[in-house]
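Read the structure below first, then the notes.
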Amino acid sequence: AQSVTQLDSQVPVFEEAPVELRCNYSSSVSVYLFWYVQYPNQGLQLLLKYLSGSTLVKGINGFEAEFNKSQTSFHLRKPSVHISDTAEYFCAVTRGSGTASKLTFGTGTRLQVTL
Amino acid sequence: DSGVTQTPKHLITATGQRVTLRCSPRSGDLSVYWYQQSLDQGLQFLIQYYNGEERAKGNILERFSAQQFPDLHSELNLSSLELGDSALYFCASSALSGLRYGYTFGSGTRLTVV
Numbered sequence: 005a006q007s008v009t010q011l012d013s014q015v016p017v018f019e020e021a022p023v024e025l026r027c028n029y030s031s032s033v034s035v036y037l038f039w040y041v042q043y044p045n046q047g048l049q050l051l052l053k054y055l056s057g058s059t060l061v062k063g064i065n066g067f068e069a070e071f072n073k074s075q076t077s078f079h080l081r082k083p084s085v086h087i088s089d090t091a092e093y094f095c096a097v098t099r100g101s102g103t104a105s106k107l108t109f110g111t112g113t114r115l116q117v118t119l
Numbered sequence: 190d191s192g193v194t195q196t197p198k199h200l201i202t203a204t205g206q207r208v209t210l211r212c213s214p215r216s217g218d219l220s221v222y223w224y225q226q227s228l229d230q231g232l233q234f235l236i237q238y239y240n241g242e243e244r245a246k247g248n249i250l251e252r253f254s255a256q257q258f259p260d261l262h263s264e265l266n267l268s269s270l271e272l273g274d275s276a277l278y279f280c281a282s283s284a285l286s287g288l289r290y291g292y293t294f295g296s297g298t299r300l301t302v303v
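See below:
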């Protein structure tokens with residue numbers, strides 16, 4: 005079974021500073037990897053996904069992530085954060101086979117951006 | 190608007206009661222997934238339906254059940270409710286090949302058991 009570990013439960017950062025949210029996964033087979041964002045009192049929104057191909061994936065709102073197979077990591081980065089990026093970020097993995105699949109989520113990282 | 194509709198948005202009920210949460214998937218999506226989000230457990234996968242059939246089961250209690258109807262909407266039934274069932278319940282949907290593109294989530298139903 006696949007699993008995801010988000011190494012930081014909270015990440016405080018000043019506005020306009022760079023940020024990296026860490027995610028490691030474990031799986032014995034090829035996986036698809038995702039980052040979701042949850043703003044307060046809202047559902048989850050897809051930020052970006054890695055399916056195959058280029059290991060650098062660009063998503064919405066200026067975020068990007070790099071898939072590193074040797075380190076089984078999929079860290080999320082943004083070169084300059086904004087106050088509006090304050091939210092909970094979830095890394096997720098799925099193996100997926102046919103019509104039976106599920107996303108396994110990490111425990112989340114709370115990004116707190118301050119002035 | 191993600192296209193996935195969940196009702197009601199908020200629900201307050203007493204212990205021992207039964208509630209039904211409803212989810213309408215995005216147009217064209219055949220798969221529906223239910224997740225429970227709580228402070229202590231995080232996001233937990235409950236169950237998946239595909240075109241009316243149960244396809245995957247997660248950490249779903251025996252007191253909970255779900256089904257997907259011919260029009261593809263889904264209902265999650267929670268019975269003999271306990272205080273610990275208080276959580277945010279999310280529904281998500283995906284197309285047949287949606288697992289490669291992630292799910293589309295609804296905005297959730299916040300259940301409070303008092």
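Line order of the protein sequences matches chains A and B.
Counting the first sequence from 1 gives a position; my numbering is that position plus 4.
Counting the second sequence from 1 gives a position; my numbering is that position plus 189.
The C-beta atom is built at its ideal place from N, Cα and C for all residues, glycine as well.
Beta-ladder partner(s) of residue i, from DSSP
{"i": "isoleucine 236 of chain B", "result": "B:Trp223 and B:Lys246"}
{"i": "valine 17 of chain A", "result": "A:Val117"}
{"i": "serine 254 of chain B", "result": "B:Asn266"}
{"i": "glutamate 24 of chain A", "result": "A:Arg81"}
{"i": "serine 7 of chain A", "result": "A:Ser30"}
{"i": "threonine 196 of chain B", "result": "B:Arg211"}
Within chain B, partners of residue i - CB distance below 9 Å
{"i": "threonine 111 of chain A", "result": "Gly231 and Leu232"}
{"i": "leucine 50 of chain A", "result": "Tyr290, Gly291, Tyr292, Thr293 and Phe294"}
{"i": "phenylalanine 94 of chain A", "result": "Gly231 and Leu232"}
Neighbour list for residue i in chain A, Cβ cutoff strictly below 9 Å
{"i": "alanine 203 of chain B", "result": "Simply none; closest approach about 24 Å."}
Length of the line joining the Cα atoms of residue i and residue j
{"i": "tyrosine 40 of chain A", "j": "serine 191 of chain B", "result": "14 Å"}
{"i": "valine 33 of chain A", "j": "valine 303 of chain B", "result": "43 Å"}
{"i": "threonine 111 of chain A", "j": "glycine 57 of chain A", "result": "27 Å"}
{"i": "tyrosine 36 of chain A", "j": "glycine 295 of chain B", "result": "21 Å"}
{"i": "alanine 21 of chain A", "j": "glutamine 10 of chain A", "result": "21 Å"}
{"i": "glycine 297 of chain B", "j": "threonine 196 of chain B", "result": "8 Å"}
{"i": "tyrosine 29 of chain A", "j": "tyrosine 224 of chain B", "result": "20 Å"}
{"i": "glutamine 14 of chain A", "j": "glutamate 68 of chain A", "result": "19 Å"}
{"i": "proline 44 of chain A", "j": "arginine 244 of chain B", "result": "31 Å"}
{"i": "lysine 246 of chain B", "j": "threonine 209 of chain B", "result": "18 Å"}
{"i": "serine 268 of chain B", "j": "phenylalanine 38 of chain A", "result": "33 Å"}
{"i": "alanine 255 of chain B", "j": "cysteine 280 of chain B", "result": "11 Å"}
{"i": "glutamate 70 of chain A", "j": "glutamine 257 of chain B", "result": "37 Å"}
{"i": "proline 83 of chain A", "j": "alanine 91 of chain A", "result": "17 Å"}
{"i": "leucine 119 of chain A", "j": "alanine 203 of chain B", "result": "43 Å"}
{"i": "tyrosine 54 of chain A", "j": "histidine 79 of chain A", "result": "11 Å"}
{"i": "valine 193 of chain B", "j": "glutamine 42 of chain A", "result": "16 Å"}
{"i": "alanine 96 of chain A", "j": "leucine 107 of chain A", "result": "6 Å"}
{"i": "leucine 309 of chain B", "j": "asparagine 248 of chain B", "result": "Outside the displayed range of chain B (190 to 303) lies residue 309 of chain B, so it cannot be described from this structure."}
{"i": "histidine 199 of chain B", "j": "asparagine 65 of chain A", "result": "29 Å"}
Beta-carbon neighbours of residue i, restricted to chain B and to distances below 7 Å
{"i": "phenylalanine 38 of chain A", "result": "Gly291"}
{"i": "glycine 47 of chain A", "result": "Ser191, Phe279, Phe294, Gly295, Ser296 and Gly297"}
Partner residues on chain A for residue i, Cβ-Cβ distance less than 7 Å
{"i": "phenylalanine 253 of chain B", "result": "Per Cβ cutoff of 7 Å: no residues; phenylalanine 253 of chain B is ~16 Å from chain A at best."}
Range of the contiguous beta strand (DSSP E) that encloses residue i
{"i": "threonine 202 of chain B", "result": "199-202"}
{"i": "lysine 62 of chain A", "result": "60-62"}
{"i": "lysine 82 of chain A", "result": "77-82"}
{"i": "arginine 299 of chain B", "result": "298-302"}
{"i": "serine 30 of chain A", "result": "27-30"}
{"i": "glutamine 42 of chain A", "result": "36-42"}
{"i": "phenylalanine 71 of chain A", "result": "68-72"}
{"i": "arginine 99 of chain A", "result": "No beta strand (DSSP E) holds arginine 99 of chain A; DSSP gives it neither H nor E."}
{"i": "leucine 48 of chain A", "result": "48-54"}
{"i": "leucine 210 of chain B", "result": "208-213"}
{"i": "leucine 277 of chain B", "result": "276-283"}
Contact belief for residue i with residue j at Cβ below 8 Å, rounded distance in angstroms
{"i": "threonine 293 of chain B", "j": "arginine 215 of chain B", "result": "5 Å"}
{"i": "tyrosine 239 of chain B", "j": "leucine 219 of chain B", "result": "6 Å"}
{"i": "leucine 272 of chain B", "j": "arginine 299 of chain B", "result": "Leucine 272 of chain B to arginine 299 of chain B, Cβ: 15 Å. No contact."}
8 Å Cβ cutoff, residue i in contact with chain C
{"i": "glutamine 256 of chain B", "result": "The chain inventory of the structure shown lacks chain C, comprising the protein chains A and B."}
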